[in-house]
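Written below as structure tokens is the structure these notes are about.
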Amino acid sequence: MNDLVVRDDLSVVANGKQDFVTIYLAGQLLGIPVLAVHDVLNAQKITPIPLAPDWVAGVLNLRGKIVTAISLRRRLNLPARKPDEKSMSVVIEHNDEPYSLQIDKVGEVLSLDDSLFEKNPNTLDACWREVSRGIYRLEDTLMAVLDVDKLLETTNAVAA
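The structure is reproduced here in structure tokens:
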């Protein structure tokens, strides 16, 4: 019998493995718990919001619903994308509101063994440490796991 557990952070644990949607941001591999992802979108028209924090890119219309667009690059103090580079979005929910996380590209869904998971290293930048649940050591890279709730808490957001 397959024992399936859904944790509070929406990660799915089955037989000691967790499932993540992988995304790329400025060359960095990141993971979001698979159940936290509602949609994956290509580039969308975003309407700016006056006086919003710098990391709020604006809003977009998703099937008649207004969705707040978050620039993950700005939120995580990364350099801006070049004007000719396309973006994608991962739509998640926080406090019953949809948010579109602006990313560079979506990877694949990975099912990762819990034994590969480690807590955030002490040397990790404070901004990243606030929004990361930890890291997975993969064969040729590290994957930081985003804590979507902490990422969207406005009191913890660092202005660029």
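In the numbering used here, the protein residues as written are -10 to 149. We put the CB at the ideal spot given by N, CA and C, even for glycine.
Non-local beta-carbon contacts of residue 70 in its own chain, meaning distances under 8 Å to residues more than five positions away in sequence, involve 62, 76, 93 in chain order.
Boundaries of the beta strand (DSSP E) around residue 97: 94 to 102.
Secondary structure of residue 128 (DSSP, three-state): coil. Secondary structure within the stretch 11 to 65: the alpha helix (DSSP H) runs of 4 or more consecutive residues, fully enclosed, are 61 to 64 (chain order). Separation of residue 72 and residue 138 (C-alpha to C-alpha, rounded to the nearest whole angstrom) is 29 Å.
Judged by pairs of C-beta atoms under 8 Å, the stretch 41 to 61 touches the stretch 78 to 89, as three or more such pairs exist. Listed as beta-bridge partners of residue 79 by DSSP are 29, 90.
Linking residue 108 to residue 135 through their CA atoms gives a straight-line distance of about 12 Å. Scanning its chain for C-beta atoms nearer than 7 Å, with the 5 sequence neighbours on each side dropped, one finds around residue 23 the residues 1, 8, 9, 10, 98, in chain order. Only residues of its own chain outside the window of five on either side were considered, and among them 105, 107 have a CB closer than 7 Å to the CB of residue 126, listed in chain order. If you compare the alpha carbons of 124, 132, 46 with that of residue 34, the shortest gap goes to 46.
In terms of Cβ geometry, residue 59 and residue 14 do not form a close pair [threshold 7 Å]. Here residue 95 is near residue 29, since their CB atoms are less than 7 Å apart. By DSSP's assignment, residue 123 forms a beta bridge with 134.
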